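Chemist: Mind looking over this structure? Questions follow.
Chains as they are written, first to last, in this note's numbering: chain A, 1 to 313; chain B, 1001 to 1268.
Spelled out as structure tokens, the structure:
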């Protein structure tokens, strides 16, 4: 419980630092949003009035506190470009990105854990050796390139899906999930390869330890030793990796969304960057960063559940 | 005893060597001008005159791949250089001295670490604007935390070792101890992270250029070529395949090298 509270405190501090850094970065940026909104022909008085109205004249820290207070209440500000609330703009995009990430995460877990175990169990065999080679290659393929390859092979040649034929989850959920399948595969592939490699190495390292010998000497079969004793210990580095991978995948989906033409958080981030629509950029980045931090927090908790010896230093 | 180089190391070195050779040749000579357009050979397939075919403007893909790999490599080297140098300085000081500065830096580091590097790159790009130099700065800064973390933990491990104590007794100053005595001992660990960082830089640059916010035309970049090629995927698959394969080889070569170095150092 103490562990939990300390971790929670750390989480809050990190959230504050991250949001402040992002906010400060966008506050010192050259280029004045008031001028941008009014155009270059606006009179200095009007620009000044709008600056006052947007609250741009206050010191950074005061503005941050106001912004953070609004943010916590769910008010992410107003888009400079579209003059609508940022929340409205991003709220139906969040589930899209989250679905994509969640689907690829499930794929990683479902593929990597069994495959890693099988490889470790038959280390040195033909399956193991071919998996190692294939893994090494898959790890080197950038997710967006596997996305392009998947589009070419499964979309254009085999016609398993129509590239660009995205259906919103609000209109047709099964078709939405169907369309998300291949993008999720593209994101999952390199991470799954890494997870297999990691689990295999980790299991092999555990198999050399004394407790495994003891477990064997008590008459357990390999299968039992592997699943009842080794797996839990071998999972610790894998859980760390999966946590980091999950964070990476949320960010990586920005690119994959572009490859498969999916209107998620990534798309809105990119259009806002090119439109210099900073309130939107700010909100999306802070949201993604928060997701990442919260995932790391959950990973830490899972850690402790797996291995109660881990405590907060 | 001479250390036997592992298989990973050999394959990695071969792939990287061949690529570097081509890139080096590409510095001085490309079969065609990478920017020269030729209406007659738009989206031409593979042939003797264009060994990788031509793109939608009739530019020779092989020449552009050479040009693009050069820029991708340039960005990656620049990024890793910024990340490593700043990372070493930050990690060395915080690890060696500890205390409140260390605590503060590590908090900021943790916060930056929460951003996947591509996201941090995006933040900087939206602040600085796109273009290859800005990509280098953006990714370089994004890479500092991970290097700083590695250097810091190594410095903490080393600072109480006997050789540091004896150097202190011999009257060496802090800076001398940090950069002359401890730093060389950190290099093995650092060198494999540099390789991995290199890969991440290549991937991040390619990703950003693919999104159109990285390297800007007229500069060629592998990522940018891929995004241009996507429209012609069915009619001219080579346009996407060749830059992609070069990208994969680049990453594969470096990751095998990194693994080879790790195995050589005996902590794989």
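For glycine and all other residues, C-beta sits at the position ideal for the given N, C-alpha and C. Computed from a predicted structure; not experimentally measured.
(1) Output, in chain order, the set of chain A residues within a Cβ distance shorter than 8 angstroms of residue 1169(B).
(2) Please say whether residue 138(A) and residue 189(A) have beta carbons closer to each other than 8 angstroms?
(3) For a cutoff of 8 angstroms on Cβ pairs, would you count residue 6(A) as touching chain B?
(4) Going by C-alpha to C-alpha distance, which of 309(A), 60(A) and 4(A) sits closest to residue 26(A)?
(5) Find the residues of chain B that neighbour residue 22(A), judging by a C-beta separation of less than 8 angstroms, and give them in chain order.
(6) Please work out which residues of its chain come closer than 6 angstroms, Cβ to Cβ, to residue 1145(B), disregarding the five sequence neighbours upstream and downstream, and give them in chain order.
(7) Please say whether residue 290(A) and residue 15(A) have beta carbons closer to each other than 8 angstroms?
(8) Shorter than 8 angstroms from the beta carbon of residue 1220(B) to some beta carbon of chain A?
(9) Could you check whether residue 131(A) and residue 196(A) sit closer than 8 angstroms to each other, using their CB atoms as the reference points?
(10) Any beta carbon from chain A within less than 8 angstroms of residue 1097(B)'s own beta carbon?
(11) Any beta carbon from chain A within less than 8 angstroms of residue 1108(B)'s own beta carbon?
(12) What residues in the segment 153-169 of chain A have a beta carbon less than 9 angstroms from any beta carbon of chain B?
(13) In terms of DSSP beta bridges, what is residue 1060(B) paired with?
(14) Quick one: give me the first and last residue of the alpha helix (DSSP H) that residue 121(A) is part of.
(15) For the segment 177-195 of chain A, which residues have a CB atom closer than 9 angstroms to at least one CB atom of chain B, in sequence order?
(16) In chain A, which residues lie with their C-beta within 9 angstroms of the C-beta of residue 1216(B)?
(17) Among all the DSSP beta bridges, which residues are the ones paired with residue 78(A)?
(18) Note down, in chain order, all residues in the segment 1187-1219 of chain B with a beta-carbon under 7 angstroms from any beta-carbon belonging to chain A.
(19) Work out the CA separation of residue 187(A) and residue 280(A) for me, nearest whole Å.
(20) Using 8 angstroms as the limit for Cβ to Cβ distance, is residue 263(A) near chain B?
(21) Who are the Cβ neighbours of residue 1268(B) in its own chain at under 6 angstroms, not counting the five residues just before and after it?
(22) Go ahead and label residue 1037(B) buried or exposed: buried means 16 or more other beta carbons lie within 10 angstroms of its beta carbon, across all protein chains shown.
(23) Quick one: any contact between the segment 89-106 of chain A and the segment 281-300 of chain A, if contact means 3 or more CB pairs under 8 angstroms?
(24) With H, G and I counted as helix, E and B as strand and the rest as coil, what does DSSP make of residue 1106(B)?
(25) Determine the chain B residues that contact residue 141(A) at a beta-carbon separation under 7 angstroms, and present them in chain order.
(26) Within 8 angstroms (strictly less), CB to CB, does residue 313(A) reach chain B?
(27) Grab me the residues of residue 115(A)'s own chain with a C-beta within less than 6 angstroms of its C-beta, minus the 5 sequence neighbours each way, in chain order.
(28) Among 1133(B), 1194(B), 1258(B) and 1257(B), which one has its Cα closest to the Cα of residue 998(B)?
Modeler: Let's see:
(1) On the second chain, residue 1169(B) is found 169 positions in, with the first residue counted as 1. Per Cβ cutoff of 8 angstroms: no residues; residue 1169(B) is ~31 angstroms from chain A at best.
(2) In the first chain, residue 189(A) corresponds to position 189, counting from 1. In the first chain, residue 138(A) corresponds to position 138, counting from 1. Contact flag set, yes.
(3) Here residue 6(A) corresponds to residue number 6 of the first chain, with the count starting at 1. Not one chain B Cβ lies under 8 angstroms of residue 6(A).
(4) On the first chain, residue 26(A) is found 26 positions in, with the first residue counted as 1. Nearest C-alpha to residue 26(A): 60(A).
(5) On the first chain, residue 22(A) is found 22 positions in, with the first residue counted as 1. Here the neighbours are 1123.
(6) Working through the second chain from its first residue, we reach residue 1145(B) at position 145. Correct list, in chain order: 1109, 1112 and 1113.
(7) Position 15 of the first chain, counted from the first residue, corresponds to residue 15(A). Position 290 of the first chain, counted from the first residue, corresponds to residue 290(A). Yes; because the gap between Cβ atoms is below 8 angstroms, this pair is in contact.
(8) Position 220 of the second chain, counting from 1, holds the residue named residue 1220(B). So, not an interface residue.
(9) Here residue 196(A) refers to the residue found at position 196 of the first chain. Here residue 131(A) refers to the residue found at position 131 of the first chain. Going by C-beta atoms, residue 196(A) is nearer than 8 angstroms to residue 131(A).
(10) Here residue 1097(B) refers to the residue found at position 97 of the second chain. No, residue 1097(B) lies away from the interface with chain A (no Cβ there is under 8 angstroms from its Cβ).
(11) The residue labelled residue 1108(B) in the question sits at position 108 within the second chain. Yes, residue 1108(B) counts as interfacial toward chain A.
(12) Under the 9 angstroms Cβ criterion, the segment 153-169 of chain A contributes 155, 156, 157 and 163.
(13) Counting from one through the second chain, the residue named residue 1060(B) turns up at place 60. Its beta-bridge partners are 1054(B).
(14) Sequence index remark: in the first chain, residue 121(A) carries index 121 (1-based). Per DSSP, residue 121(A) belongs to the alpha helix (DSSP H) from 94-121.
(15) none
(16) Position 216 of the second chain holds residue 1216(B). Result: empty, since nearest Cβ-Cβ is about 12 angstroms, beyond 9 angstroms.
(17) Position 78 of the first chain, counting from 1, holds the residue named residue 78(A). 85(A).
(18) Taking 7 angstroms as the upper bound on Cβ-Cβ separation, chain A lies near residues 1203, 1206, 1207, 1210, 1211 and 1213 of the segment 1187-1219 of chain B.
(19) If you number the first chain from 1, residue 280(A) lands on position 280. If you number the first chain from 1, residue 187(A) lands on position 187. Their backbone Cα atoms lie some 25 angstroms apart in a straight line.
(20) Walking along the first chain from the start, residue 263(A) turns up at place 263. Residue 263(A) does not count as touching chain B.
(21) Reading the second chain from its first residue, position 268 is the one you call residue 1268(B). Per-residue confidence for residue 1268(B) stands at a pLDDT of 41, beneath the threshold of 50, marking its modelled position as unreliable; no derived number is given.
(22) Mapped onto the second chain, residue 1037(B) falls at position 37. By the neighbour-count criterion, in which a residue is buried when 16 or more other Cβ atoms sit within 10 angstroms of its Cβ, residue 1037(B) is exposed.
(23) At 8 angstroms Cβ cutoff, the stretches touch.
(24) Within the second chain, residue 1106(B) is the residue found at index 106, counting from 1. Correct three-state label for residue 1106(B): helix.
(25) Looking up residue 141(A) in the first chain gives position 141. The answer, in chain order, is 1248.
(26) Along the first chain, one-based indexing puts residue 313(A) at 313. Bear in mind that a pLDDT of 45 at residue 313(A), under 50, signals an unreliable position, so the model cannot answer this.
(27) Sequence index remark: in the first chain, residue 115(A) carries index 115 (1-based). Taken in chain order, the residues that qualify are 196.
(28) The requested residue 998(B) does not occur in the structure, where chain B is confined to residues 1001 to 1268.
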